[in-house]
Every structure is written in C-alpha cells, then in structure tokens.
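Residue numbers (this note's numbering): 275 to 618.
So, in structure tokens, the structure goes:
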C-alpha cells in the first residue's frame with residue numbers, strides 16, 4: 275500500500291483521497307454508503323467545500339461518532355473576515371465537528387497574506403489558534419497565484435490541477451512544493467473526465483511521493499476501481515507509458531479542463547461541459563453525449579451574449595466563446611451524421 279505525508283502537516287494517509295464534490299448529485303443514503311465504504315477500504319482523507327451544496331452535510335452524517343478516524347478538508351470562498359467566520363461556523367455545523375483538519379482558501383484570485391488589507395489570513399490564524407482549524411491550505415487553478423502561495427511560506431498544502439496532461443510549468447510547481455515542505459493535493463487527476471484510464475492516472479501520480487490525488491467519486495463502481503489499487507498499486511509499464519503519451523499528444527494545446535470557474539453564464543450555457551464536447555465525443559461513448567438533454571444544452575450556445583464574462587474568468591486564458599462555437603459546429607456535424615466519431 276502506498277502512503278503520502280502532506281508536507282509539514284504530518285497528515286499521513288493512503289495515497290488515494292476522496293473528492294466529495296460529486297456526492298452532491300446523489301442521495302444522502304447513497305452518499306453515506308459510499309463514504310463509509312471508502313473508509314472501510316482505508317481511504318481516510320476526504321475533501322469537500324462550503325459551496326459544494328450538501329456535500330459537507332453528507333460527510334457529517336457519514337462520520338458521526340467516528341470523527342477522529344478520518345481527515346476532513348474543506349474550503350472557504352470568503353471575501354471578507356465576516357464571511358470567513360460565517361462560512362467556517364456553517365462548515366463545522368454541517369460536518370458535525372468542532373474542528374477541520376485542513377481549511378483551504380478556495381481558488382482566490384490573489385494569495386491571501388498577513389497585512390494585505392483583507393484580514394483573511396489573520397482570520398485563518400485566529401481560527402487555528404482557537405482550535406477550529408488544524409492546518410492551513412490554499413487551492414487554485416491559476417499558476418501565478420499557486421506559485422506565489424508556494425513562495426510565501428504561509429501555507430502547508432496547495433491543491434492544484436495535476437494529472438499526466440500537466441505542462442512542464444505545472445510539474446515544476448509540484449516539485450517546488452516538495453522543496454518548500456508543502457503537500458500537494460492533486461485535483462482533476464482525471465482532467466474532468468477526459469482521462470479515462472484510472473490505472474495510468476494513478477501510476478503518474480505515484481511518481482510524486484508528496485502528492486495526494488483526490489478522486490472525484492459519485493458511483494460505487496468508480497470507488498471500487500480506486501480501491502482495487504490500494505492493496506496492489508499499479509506500476510509503470512510500457513503499455514501504460516504509451517497510453518499516457520498518446521493522450522498527451524491528443525490533448526496537448528488549449529482545451530477546456532471543465533473546472534467551472536467560468537460559470538455561471540448569463541445565457542444559461544453549461545460552459546464547462548459544452549466547451550469540451552468535441553473531446554467528450556471522442557473519449558467516451560458518443561451516445562451519452564447525443565441525448566435530447568445534451569442537445570438542448572448545446573443549442574443554448576446559440577444564445578451566447580458575447581459578454582466575455584466567461585473568457586475573463588477562465589484561469590487558463592482560453593477564448594471561451596470561440597471554443598464554444600467550435601464545439602457546437604462539431605457537435606452539429608456529428609448529429610447530422612456527417613462525421614464518424616469513432617474514426618476522428
């Protein structure tokens with residue numbers, strides 16, 4: 275079994291974290307069953323956020339009476355000190371606990387620091403002094419903010435998108451975390467569903483002994499696949515190496531990672547899925563993307579206001595409106611039967 279220690283926190287866990295964003299989409303009973311099954315399989319790190327609707331509440335229900343047996347990380351998107359305390363106290367009530375193992379600033383547009391005028395970092399320190407927070411972390415999708423957080427020495431962990439599609443700059447950032455004694459929590463280890471081979475994804479993450487991937491899990495089948503790697507961690511083989519190289523070649527360049535920070539769209543477009551539809555058509559059973567429901571979602575692209583709000587919010591600097599249009603034209607061709615998806 276592979277273990278990872280998250281930097282100077284001393285938190286040592288199985289090298290498979292549970293990303294609890296997807297459990298928003300299932301019932302309380304199903305979520306509790308999934309979370310407890312993960313714990314039984316020796317997954318003990320669970321990551322959620324204040325604004326993952328009822329995700330925190332489901333974690334609170336699942337681990338009631340056994341809080342000390344798991345590590346719970348959650349996040350705040352507070353912009354003021356008042357919001358910070360309000361969100362922290364709500365999270366504690368939802369989680370049915372009096373402390374959070376790791377409290378993270380949730381994708382801020384800047385790196386909170388002491389005396390920066392916001393008071394947010396000072397509030398975090400006060401929460402730690404009160405025992406409500408045990409360790410301080412930050413999450414981000416912006417490379418510049420992530421680099422600043424690492425260089426600041428203020429954070430014990432960084433949560434950042436990291437998978438085998440990572441750029442050289444991303445890999446350098448991850449290595450900088452290790453040198454700084456920081457734990458790296460890898461979100462988007464499957465690149466929002468574009469990576470379909472979990473074994474290859476696991477092997478890539480396993481190369482970095484300070485990195486903890488958190489797998490976004492919604493279904494029992496998904497969980498069991500990850501659990502199968504706990505006792506018998508897969509190793510790099512020539513076959514897996516070829517899978518990684520082929521995916522990197524296909525997905526190199528600009529593409530939507532599906533992070534969702536461009537949302538909400540004033541025209542109601544589900545940008546984080548529609549802007550990568552061409553890739554989803556190629557990399558998953560196409561029938562899943564050709565349903566009436568998905569067709570209606572794609573048709574909303576025709577209502578784009580060209581306000582460029584999504585473009586300004588994209589942490590990867592994508593021209594989102596242009597990307598939406600290209601994906602829509604591609605989608606219409608597939609619907610019309612002019613393109614054989616399997617041969618593209």
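Note that CB positions come from ideal geometry on N, CA and C, so glycine has one too.
Predicted model, so just to flag it, every value in this text is computed and none were measured.
With contacts defined by Cβ atoms closer than 9 Å, residue 466 and residue 533 form a contacting pair.
For the stretch 495 to 527, the full-length alpha helix (DSSP H) segments reaching 4 residues or more read 512 to 524 along the chain.
Secondary structure of residue 371 (DSSP, three-state): coil. Note on residue 550: 16 or more other CB atoms within 10 angstroms of its CB, so buried under the neighbour-count rule. For residue 439, the three-state secondary structure derived from DSSP is coil. Judged by their CB atoms, residue 392 and residue 353 are nearer to each other than the 9 Å cut-off. Excluding the 5 residues flanking it on each side, residue 443 has same chain C-beta neighbours closer than 7 Å at 417, in chain order. Here residue 409 is bridged, per DSSP, to 376. Three or more beta-carbon pairs separated by less than 8 Å are not found between the stretch 512 to 519 and the stretch 555 to 569, which leaves the two stretches without contact. The bridge partners DSSP lists for residue 354 come to none. In this structure, residue 326 lies near residue 294, with their beta-carbon atoms less than 9 Å apart. Our two residues, residue 376 and residue 359, have alpha carbons roughly 15 Å apart in a direct line. Boundaries of the alpha helix (DSSP H) harbouring residue 572: 566 to 573, taken from the DSSP string. Per DSSP, the unbroken alpha helix (DSSP H) holding residue 419 starts and ends at 417 to 426. Within the model, the alpha-carbon separation for residue 463 versus residue 502 is close to 17 Å. By the C-beta criterion, the stretch 432 to 451 is judged to be in contact with the stretch 469 to 480, since at least 3 inter-stretch pairs fall below 8 Å. By the 16-neighbour rule on beta-carbons within 10 angstroms, residue 559 is exposed. Here DSSP, grouped into helix, strand and coil, assigns residue 553 to helix. In the DSSP annotation of this structure, the continuous segment of the beta strand (DSSP E) that includes residue 321 starts and ends at 319 to 321.
The distance from the Cβ of residue 373 to that of residue 406 is about 6 Å, consistent with a contact at the 8 Å cut-off. A residue is called buried when at least 16 other Cβ atoms come within 10 angstroms of its Cβ; residue 388 does not meet this threshold and is exposed. Here residue 277 carries a strand assignment [DSSP, helix/strand/coil].
Counting along the chain, the unbroken alpha helix (DSSP H) around residue 545 starts and ends at 545 to 548. Between the C-alpha atoms of residue 351 and residue 412 there is a straight-line separation of about 10 Å. Inter-residue distance for residue 570 and residue 459 is about 36 Å (C-alpha atoms, whole angstroms). Looking at the DSSP output, residue 433 shares a beta bridge with 413 and 459. Three or more Cβ pairs closer than 8 Å define a contact, and the stretch 573 to 581 meets that threshold against the stretch 538 to 549.
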